[in-house]
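**Student:**
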Amino acid sequence: MVARALLWHTTNTMTGTLKPLSFNPDTTSFAHLFANSNINTHQIGTVLFGIVLFLWVIFTIIAIYHWLRYNYRSVITIPILALHIFISLALISYAWVGMTG
Amino acid sequence: MGEFSLEPEERVVRKVRAHWITLVGSLIPIAILAITPLAIKPALIIFGAGNPMLVTLAINISSFLSTPWFTTVLGMWWLFLWIGAFNTITYYFLNIWILTTERIIEIRQPRYFSRRISSFFLSRVQDVTSDVNGLIGTLFDFGFIHVETAGESDNFEMHGIRDPNKLRDTILREIDQIHRNHAGDGSDGL
């Protein structure tokens, strides 16, 4: 909020005549790009999200295979795989919040 | 190890991986890419303070940053970067040198489903060179080691390893031990 207030202040002092700009998040979102078409942005987002999820699953299977096949005796194998799953799921959840929010 | 078998009297002396600082160095570009989306707005505010156009752009960007779409895009971006980081970590742990009392075994994994295991006998080693270069290398004591072998076989190099001088000494000590043992049995050392 402080940064935003500073921005407004800077704009006004620089030009002297400019009024504070109104904030309208919808005008800059992807939804605006498809506003006049029949494309459903939520469906596009869902498909993209599905593709990313699919790629992640493939990658994770390959990575787990290599860790368990070639580094199975190492004490860090299971913790690092657990860390990978944990961080990935956290990021997937974060992205999903944007989809549903 | 499962991927190779040791001779009856052969034992593992040391396993060598690249220094952890090389892993950190590989992860730095990924970290920079991760924070880049969050740094756009402050950068525009700082550098655009005297330029009304940049200020307007910063305001528009800040409004986009507050949309749910940005959360989704950012989450996917970070997920891709994490996959890249985990790739780097995986390759770091799958590349290893194993020094035994008889040979050096080099396991290289440049990418997934591509694994090369090669070994050469210490008795064939002609020269071992270690090199620590630069400020970072000297501070963290890492560098490369080059092992030259007799005959037509390839020479071996490993970069970014921890304490290469100590590893060179260890290799030379093992070679010396082999020559002593073979001299004891009356064989030629090969």
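Protein sequences, first through last, are from chains A and B. The first sequence begins at 1 in our numbering and counts up by one. The second sequence begins at 102 in our numbering and counts up by one. Just so you know, even glycine gets a beta-carbon here, dropped at the ideal spot from N, CA and C. All of these numbers come straight from a predicted model, not from anything done at the bench.
Return the Cβ separation of I190 (chain B) and I80 (chain A) in integer angstroms, given the expectation that the two are a contact with Cβ distance under 8 Å.
**Tutor:** 7 Å
**Student:** Any heavy atom of the ligand FMN within a distance shorter than 7 Å of the CB on L91 (chain A)?
**Tutor:** Of the ligands one can find in the structure shown there are none, so the ligand FMN has no counterpart to examine.
**Student:** At 3 residues or longer, and completely inside the segment 192-234 of chain B: list those beta strand (DSSP E) runs for me, N to C.
**Tutor:** Listed in chain order, the beta strand (DSSP E) elements of length 3 or more contained wholly in the segment 192-234 of chain B are 197-201, 204-212, 215-222 and 226-232.
**Student:** Starting from the C-beta of V2 (chain A), find all residues in its chain whose C-beta is less than 7 Å away, skip the five residues before and the five after it, and write them out in chain order.
**Tutor:** Because V2 (chain A) carries a pLDDT of 40, less than 50, the predicted location of this residue cannot be relied on, and no value is offered for it.
**Student:** Who are the neighbours of I184 (chain B) on chain A, taking C-beta pairs under 7 Å?
**Tutor:** W56 and F59
**Student:** What residues in its chain sit with their C-beta under 8 Å from that of D179 (chain B), if we drop five residues either side in the sequence?
**Tutor:** It should be pointed out that residue 179 (chain B) corresponds to Trp in this sequence rather than to Asp. Counting only Cβ-Cβ distances below 8 Å, and skipping sequence neighbours, we find A135.
**Student:** Helix, strand or coil for I292 (chain B), going by three-state DSSP, please let me know.
**Tutor:** Nothing in the structure corresponds to residue 292 (chain B), since chain B is present only between 102 and 291.
**Student:** Is there a Cβ from chain B that is less than 8 Å from the Cβ of V75 (chain A)?
**Tutor:** no
**Student:** Thinking C-beta only, is V114 (chain B) closer than 8 Å to T202 (chain B)?
**Tutor:** Less than 8 Å divides the Cβ of T202 (chain B) from the Cβ of V114 (chain B).
**Student:** Assign F54 (chain A) to buried or exposed, taking buried as 16 or more other Cβ atoms, counted over all protein chains shown, within 10 Å of its Cβ.
**Tutor:** exposed
**Student:** Starting from L68 (chain A), find everything on chain B with Cβ-Cβ shorter than 7 Å and list it in chain order.
**Tutor:** What L68 (chain A) touches in chain B: nothing, since even the nearest Cβ is about 11 Å away.
**Student:** Got a sec? Which residues, its chain only, sit under 7 Å from H120 (chain B) by beta carbon, not counting five neighbours each side?
**Tutor:** F241, F243, G261, I262 and R263
**Student:** So what does DSSP say about E298 (chain B), is it helix, strand or coil?
**Tutor:** Lying before the first or after the last residue shown, residue 298 (chain B) is absent from chain B, which here runs from 102 to 291.
**Student:** Which bits of chain B does V47 (chain A) rub up against, with CB to CB less than 9 Å?
**Tutor:** None at all; the shortest Cβ gap to chain B is about 12 Å.
**Student:** Throw me the rounded Cβ distance for the M99 (chain A) and T173 (chain B) pair, which I believe falls under 8 Å.
**Tutor:** 5 Å
**Student:** By the three-class DSSP mapping on this structure, what secondary structure does A119 (chain B) have?
**Tutor:** In the three-state scheme derived from DSSP, where H, G and I count as helix and E and B as strand, A119 (chain B) is classed as strand.
**Student:** In angstroms, rounded to a whole number, what distance separates the CA positions of D228 (chain B) and G235 (chain B)?
**Tutor:** 23 Å
**Student:** Can you tell me whether G45 (chain A) is helix, strand or coil according to DSSP?
**Tutor:** helix
**Student:** Which of the three DSSP states, helix, strand or coil, is assigned to F187 (chain B)?
**Tutor:** F187 (chain B) falls in the helix class under three-state DSSP.
**Student:** What does DSSP give as the partner residue(s) for V113 (chain B) in the beta ladder?
**Tutor:** B:T201
**Student:** Rounded to whole angstroms, what is the Cα-Cα separation between F181 (chain B) and A90 (chain A)?
**Tutor:** 13 Å
**Student:** At a Cβ threshold of 8 Å, is M177 (chain B) touching chain A?
**Tutor:** The C-beta of M177 (chain B) comes closer than 8 Å to at least one C-beta of chain A.
**Student:** Run through DSSP, which three-state label would G151 (chain B) get?
**Tutor:** coil
**Student:** Please classify T137 (chain B): is it buried, with 16 or more other beta-carbons within 10 angstroms of its beta-carbon, or exposed?
**Tutor:** exposed
**Student:** Measure from the alpha carbon of I246 (chain B) to the alpha carbon of each residue in B:G252, B:R225, B:D270 and B:N161, then state which is nearest.
**Tutor:** The residue with the shortest Cα to Cα distance from I246 (chain B) is B:D270.
**Student:** State the Cα-Cα distance for the pair M177 (chain B) and I131 (chain B), rounded to the nearest angstrom.
**Tutor:** 14 Å
**Student:** Going by other Cβ atoms of all chains shown within 10 Å of its Cβ, with 16 needed for buried, is P265 (chain B) buried or exposed?
**Tutor:** Buried.
**Student:** Smallest Cα separation from Y193 (chain B): which of A:W67, A:A82, A:R73 and A:I78?
**Tutor:** A:W67
**Student:** Between B:L223, B:V233, B:I237 and B:G238, which has its C-alpha nearest V248 (chain B)'s C-alpha?
**Tutor:** B:L223
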